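**Q** I have a structure I would like to understand better, so I am pasting it below and will then ask my questions one at a time.
Here it is, written out as structure tokens:
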């Protein structure tokens, strides 16, 4: 893991913490971006953490590109010694897997898929060595996920599963992107899950939908009144499988303004997590579901 | 109410200088694509330079005024008319209550900036009046104008009044072919040396897929990636990276085929390797490119990028001085 600094024109520094994805790279990126925020560097206009990299936008009339670079390298030196502990939230996201809406959409775009005769879930199960789609779905929701980046479009979270490398699910993106994806589709591409915050184009495989909106520019939804975007990098997500009846019930509650997502605050330590992943995830679930 | 939309044009949106600070949540800066023209339009009518204006692309709207105002149109050569009578671009003119502002066919460029004294009054969302249509955010109800929409002005004033003009040498538009200066970097080292050379020597053409999110270019040689092991999590195509942030102006090459330069409504990140970034001084010019425009990318270093940024600012200072 070696940090690489490169300029994106005269207004951005792009910092690649690692070429490949890992929780260690994500934590270092998060820790460095927190360092930049805390330091309140004059001229910095955007601080954008990503999965294994981050980006700073700055005004070169206020701070020269080389000064900006020097500041970041100082922060990196401090981040090396940071303990990988964060105060964050754990959130339950209900997912209706194998729903009719993503199924209808994926059938419309079959010619853009690796397996035109199957479904996205069957294909993902097969190439990850599962016997059937249900086994794959179980792996998808049995361990929690980190929100490792928010972006692409407004409020869309990228999620990285909290398991060791051997158990990471990997699925390629569509051969050619679709021109349509239902709103709130739970998707998968590379080693990342995502939740499509708005309807639109997309290249990730489609596994299900959540009835829980995560972006509301009108700020009418009860839990999005304070801010229109639900997720932020560092949030932990537990997907909970639901059936059609529960999906419809939650959707009605959202509509009525009575739905409240299950959210708890939690301290996460990367070292403790790495010591015993399954036991640590079990504890996280206890925090989420203990009252 | 001060302006009624009789016909909206192709995709006319309310824009100001944008909404910085939310890119980390996927909400781009938005604002006028040609910020130079936007600022000058506001200067001409006596508004603050960051006041909200209308950005019209390829085709102008038809607007009926219900109050007297001063108007200026800058950017693309989209000739303005008042009640059918021609008016000069890059100049301020008066329009009376009951008169209609319309436009002739586009002669050159792509986007015209229509500043109205007082400035367009739409709600400020996350610090800006700019429209981000993909996220249904800001501007007029989060979308492009439609027939019968009614726009308000912050104040009914004649501002700086009519008869002010900006000298032709102080108007900034792309040449033919357009030259966009770019700083190599980001994942530049992933492509072969030959492809790097070709990228800057080939003449590209703007593809039909060119909008506020990004401009796609075609016609150059295929860009080859060096053979290397795929990083974990990146995906299977040689142009795939572990999803990261996209700088404004960054040049991505999905599959090595058609480069895409991201603009003010950029998608904030994704999984395609970027090979460099168009410098800040030349972002305005992209907003004035029509599909099929011939374009060359010109390689610069950081020192040249900063000098160009300085030159652009000095030109704006000259406009300010000439109108003071």
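Protein chains in written order, with my numbering: chain A, 1 to 291; chain B, 292 to 615.
Note that the Cβ used here is the ideal one computed from N, Cα and C, for glycine as well.
Since the model is a prediction, treat every value here as computed from it, not as a measurement.
#1: For chain A, check one thing: does any of its Cβ atoms lie closer than 8 Å to the Cβ of residue 593 of chain B?
#2: By the three-class DSSP mapping on this structure, what secondary structure does residue 512 of chain B have?
#3: Give a yes or no on whether 8 Å exceeds the smallest Cβ distance from residue 51 of chain A to chain B.
#4: Distance, Cα to Cα, residue 265 of chain A vs residue 175 of chain A?
#5: With DSSP run on the structure shown, which of helix, strand or coil describes residue 275 of chain A?
#6: With distances taken between CB atoms, is the gap from residue 24 of chain A to residue 522 of chain B smaller than 8 Å?
#7: Is there at least one Cβ from chain B nearer than 8 Å to residue 55 of chain A's Cβ?
#8: What's the gap between the Cα of residue 1 of chain A and the Cα of residue 18 of chain A?
#9: Buried or exposed: residue 527 of chain B, going by 16 or more other Cβ atoms within 10 Å of its Cβ?
#10: For the segment 129-153 of chain A, which residues have a CB atom closer than 8 Å to at least one CB atom of chain B, in sequence order?
#11: With a CB to CB cut of under 7 Å and the five nearest residues on each side skipped, what residues in its chain are close to residue 106 of chain A?
#12: Please confirm whether residue 559 of chain B and residue 151 of chain A have their CB atoms less than 8 Å apart.
#13: Could you please give the first and the last residue of the uninterrupted alpha helix (DSSP H) stretch that includes residue 246 of chain A?
#14: For residue 301 of chain B, collect the residues of the same chain with a Cβ closer than 7 Å to its Cβ; drop the 5 residues on either side in sequence, then sort them by chain order.
#15: Nearest to residue 292 of chain A by alpha carbon, out of A:56, A:131 and A:244?
#16: In the DSSP assignment, what are the bridge partners of residue 145 of chain A?
#17: Anyone know if the C-beta pair for residue 215 of chain A and residue 237 of chain A falls short of 8 Å?
#18: Tell me which residues of the segment 544-562 of chain B have at least one Cβ-Cβ distance to chain A shorter than 8 Å, keeping chain order.
#19: May I ask you to report which of helix, strand or coil DSSP gives residue 17 of chain A?
#20: According to DSSP, is residue 301 of chain B helix, strand or coil?
#21: From the DSSP output, in three-state form, read off residue 176 of chain A for me.
#22: Would you mind stating whether residue 156 of chain A and residue 194 of chain A have Cβ atoms separated by less than 8 Å?
#23: Is there a Cβ from chain B that is less than 8 Å from the Cβ of residue 155 of chain A?
#24: Return the Cβ separation of residue 171 of chain A and residue 188 of chain A in integer angstroms, given the expectation that the two are a contact with Cβ distance under 8 Å.
#25: Straight-line CA distance for residue 400 of chain B to residue 468 of chain B?
#26: Does chain A have any CB closer than 8 Å to the CB of residue 434 of chain B?
#27: Could you have a look at residue 615 of chain B and say whether DSSP puts it in helix, strand or coil?
#28: Based on Cα-Cα distance, which residue from A:223, A:167 and A:280 lies nearest to residue 257 of chain A?
#29: Under 8 Å by Cβ, that's how I've got residue 541 of chain B and residue 423 of chain B pegged, so tell me the actual separation to the nearest angstrom.
#30: By the three-class DSSP mapping on this structure, what secondary structure does residue 107 of chain A have?
#31: How would you list, in chain order, the residues of chain A whose beta-carbon sits under 9 Å from the beta-carbon of residue 425 of chain B?
#32: For residue 296 of chain B versus residue 421 of chain B, is the C-beta distance shorter than 8 Å?
#33: If we require 4 or more residues per run, which alpha helix (DSSP H) segments fall completely within the segment 375-427 of chain B?
#34: Suppose the cutoff is 6 Å on Cβ atoms and the five residues either side in sequence are ignored; what does the same chain contact list for residue 8 of chain A look like?
#35: Would you say the segment 455-464 of chain B touches the segment 178-185 of chain A, given that touching needs at least three Cβ pairs under 8 Å?
#36: Under 7 Å Cβ-Cβ, which residues of chain A neighbour residue 586 of chain B?
**A** With the structure as the only source:
#1: In the second chain, the residue the question calls residue 593 of chain B occupies position 302. For residue 593 of chain B, the answer is yes, since a Cβ of chain A falls inside 8 Å of its Cβ.
#2: Here residue 512 of chain B is taken as the residue at index 221 of the second chain, counted from 1. In this structure, residue 512 of chain B counts as coil in the three-state DSSP scheme.
#3: As a first step, residue 51 of chain A is located in the first chain; it is residue number 51 there, counting from the start. Yes, residue 51 of chain A lies at the interface with chain B (some Cβ there is under 8 Å from its Cβ).
#4: The count along the first chain starts at 1 and reaches residue 265 of chain A at position 265. The count along the first chain starts at 1 and reaches residue 175 of chain A at position 175. Cα to Cα, the separation comes out at about 39 Å.
#5: Your numbering for residue 275 of chain A matches position 275 in the first chain. Helix.
#6: Counted from its first residue, the first chain places residue 24 of chain A at position 24. Counted from its first residue, the second chain places residue 522 of chain B at position 231. Not closer than 8 Å, so no.
#7: In the first chain, counting from the first residue as 1, residue 55 of chain A sits at position 55. Chain B contact via Cβ: present.
#8: Your numbering for residue 1 of chain A matches position 1 in the first chain. Your numbering for residue 18 of chain A matches position 18 in the first chain. Their backbone Cα atoms lie some 5 Å apart in a straight line.
#9: Here the question's residue 527 of chain B lines up with position 236 in the second chain. Burial call: exposed.
#10: 149, 150, 151, 152 and 153
#11: Within the first chain, the letter at position 106 stands for residue 106 of chain A. 119, 120 and 206, listed in sequence order.
#12: Counting from 1 along the second chain, the entry for residue 559 of chain B is found at position 268. Counting from 1 along the first chain, the entry for residue 151 of chain A is found at position 151. Cβ distance < 8 Å, so residue 559 of chain B and residue 151 of chain A count as in contact.
#13: The residue labelled residue 246 of chain A in the question sits at position 246 within the first chain. Per DSSP, residue 246 of chain A belongs to the alpha helix (DSSP H) from 244-256.
#14: Counted from its first residue, the second chain places residue 301 of chain B at position 10. Cβ within range, chain order: 348, 349 and 350.
#15: Past the boundaries of the shown model lies residue 292 of chain A; chain A is included only from 1 to 291, so the question cannot be answered.
#16: Locating residue 145 of chain A in the first chain gives position 145, where the first residue counts as 1. The partner list for residue 145 of chain A (beta bridge, DSSP) reads A:161 and A:237.
#17: The sequence position of residue 215 of chain A within the first chain is 215, counting from 1. The sequence position of residue 237 of chain A within the first chain is 237, counting from 1. Not closer than 8 Å, so no.
#18: 558, 559, 560, 561 and 562
#19: Position 17 of the first chain, counted from the first residue, corresponds to residue 17 of chain A. Three-state DSSP puts residue 17 of chain A in coil, outside helix and strand.
#20: Residue numbering aside, residue 301 of chain B sits at position 10 when the second chain is read from its first letter. DSSP places residue 301 of chain B in coil when its eight states are reduced to three.
#21: Along the first chain, one-based indexing puts residue 176 of chain A at 176. Residue state, collapsed to three classes: coil.
#22: Reading the first chain from its first residue, position 156 is the one you call residue 156 of chain A. Reading the first chain from its first residue, position 194 is the one you call residue 194 of chain A. Yes, these two residues count as a Cβ contact at 8 Å.
#23: Counting from 1 along the first chain, the entry for residue 155 of chain A is found at position 155. Yes, contact with chain B.
#24: By 1-based counting over the first chain, the position of residue 171 of chain A is 171. By 1-based counting over the first chain, the position of residue 188 of chain A is 188. With a Cβ gap of about 5 Å, residue 171 of chain A and residue 188 of chain A count as contacting.
#25: Numbered from its first residue, the second chain carries residue 400 of chain B at position 109. Numbered from its first residue, the second chain carries residue 468 of chain B at position 177. If I take the Cα positions, the gap works out to 12 Å.
#26: Start at 1 with the first residue of the second chain, and residue 434 of chain B comes out as number 143. No, residue 434 of chain B lies away from the interface with chain A (no Cβ there is under 8 Å from its Cβ).
#27: Counting from 1 along the second chain, the entry for residue 615 of chain B is found at position 324. It is coil, neither helix nor strand.
#28: Within the first chain, residue 257 of chain A is the residue found at index 257, counting from 1. Comparing Cα-Cα distances from residue 257 of chain A to each of A:223, A:167 and A:280, the minimum goes to A:223.
#29: For the purposes of this step, residue 541 of chain B is taken as the residue at position 250 of the second chain. For the purposes of this step, residue 423 of chain B is taken as the residue at position 132 of the second chain. Actually they are not in contact, since the Cβ atoms of residue 541 of chain B and residue 423 of chain B sit about 19 Å apart, beyond 8 Å.
#30: Along the first chain, one-based indexing puts residue 107 of chain A at 107. Correct three-state label for residue 107 of chain A: helix.
#31: For the purposes of this step, residue 425 of chain B is identified with residue 134 of the second chain, where counting begins at 1. The answer, in chain order, is 153, 154, 198 and 200.
#32: The residue you call residue 296 of chain B lines up with position 5 of the second chain. The residue you call residue 421 of chain B lines up with position 130 of the second chain. Result no, Cβ atoms of residue 296 of chain B and residue 421 of chain B do not sit closer than 8 Å.
#33: none
#34: Counting from one through the first chain, the residue named residue 8 of chain A turns up at place 8. So the list reads 14, once near-sequence residues are dropped.
#35: no
#36: Taking the second chain and counting its residues from 1, one reaches residue 586 of chain B at position 295. Simply none; closest approach about 17 Å.
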